[in-house]
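Residue numbers (mature numbering (1 follows the signal peptide of the UniProt record, and there is no 0)): -18 to -1, 1 to 186.
Quick reminder that beta carbons are idealized off the backbone N, C-alpha and C, glycines included.
All of these numbers come straight from a predicted model, not from anything done at the bench.
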Amino acid sequence: MKILSCLLLGFNWQQRLQLGGTDNNAEQRNDNIVKVLDTAGTIGQVGSLASTEDQQLMEDTAKNAISLNTESKPARYTLTGEHKLVYSAAPGASSGRTFGNVVGDVSQYFEDETIFYNRVNFGPYIQIALKAKREILNDTSIKVSFLETSFNIFGQTLKKSKMDGNSGGVWKVKFVGTVEDQNGNRKLVRIMETPSLFILEQDL
């Protein structure tokens, strides 16, 4: 009986260690993602306007978070609604920088599983939208084809321009998952390479 009791105690202790390790990993993962959001908030959404040191800091912080990704098929994760840009290392309009150093608010809006819009808003009245189609290539990659651009003022479309669908490319989804910030707010966070570092969040 003493031997059996010792074995049971050892088994229970091992279980507690395993559970503790799981909890610690989840906590570290959450902390790393919160650090990504905080770092991006300090640097700003337009990476091309940041210093070389800050750009490298953002890259390193994102890599730390990616290393703890628990989603085995991030490219197949179901996406709905609006997702706000947190950081983009791309030098072009995808970061919201369209006219010199004038920066708009960037978001992605998912119409369905295939069609989404990259939108840049300048205040409540002016919006530039880029319609795109996405195709899942594998568990970690999607192919994006841009279809149409539109320019809208006061909710009215002034101009639409068709695109040939050949622009775009393959985006690698490096991380997707939920996080809880210091205020208890839950967010869905995505980290991608488009190929530039691209980070978005969605309030849940």
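- Taking C-beta atoms under 8 Å as the contact rule, S127 and K142 fail to qualify, at a distance of about 17 Å.
- In the DSSP assignment, Q90 falls outside any alpha helix (DSSP H) and within the unbroken beta strand (DSSP E) covering D87 to F92.
- Contact between N103 and G86 is confirmed by a C-beta separation of about 6 Å, below the 8 Å threshold.
- Proximity to I25 across H65, F92 and Y69 peaks at Y69, based on C-alpha coordinates.
- By the criterion of at least three beta-carbon pairs nearer than 8 Å, the region 131 to 141 is not in contact with the region 16 to 32.
- By DSSP's assignment, V171 forms a beta bridge with G159 and E183.
- Counting the other CB atoms within 10 Å of its CB gives R172 a total of 16 or more, which places it among the buried residues.
- The region 55 to 72 and the region 28 to 41 touch, with no fewer than 3 CB-CB distances between them shorter than 8 Å.
- Distance between S89 and L119, taken at the CA atoms: about 23 Å.
- In the structure shown, the three-state DSSP call for A111 is strand.
- The three-state reading of DSSP puts N134 in strand, counting E and B together.
- Rounded to the nearest whole angstrom, the C-alpha separation of F92 and V16 is 24 Å.
- For K55, the number of other beta carbons within 10 angstroms of its own is below 16, and it is reported as exposed.
- Under DSSP, V16 forms no beta bridge with any residue.
- A check of alpha carbon separations from V152 across N165, Q109, P177 and N51 identifies P177 as the nearest.
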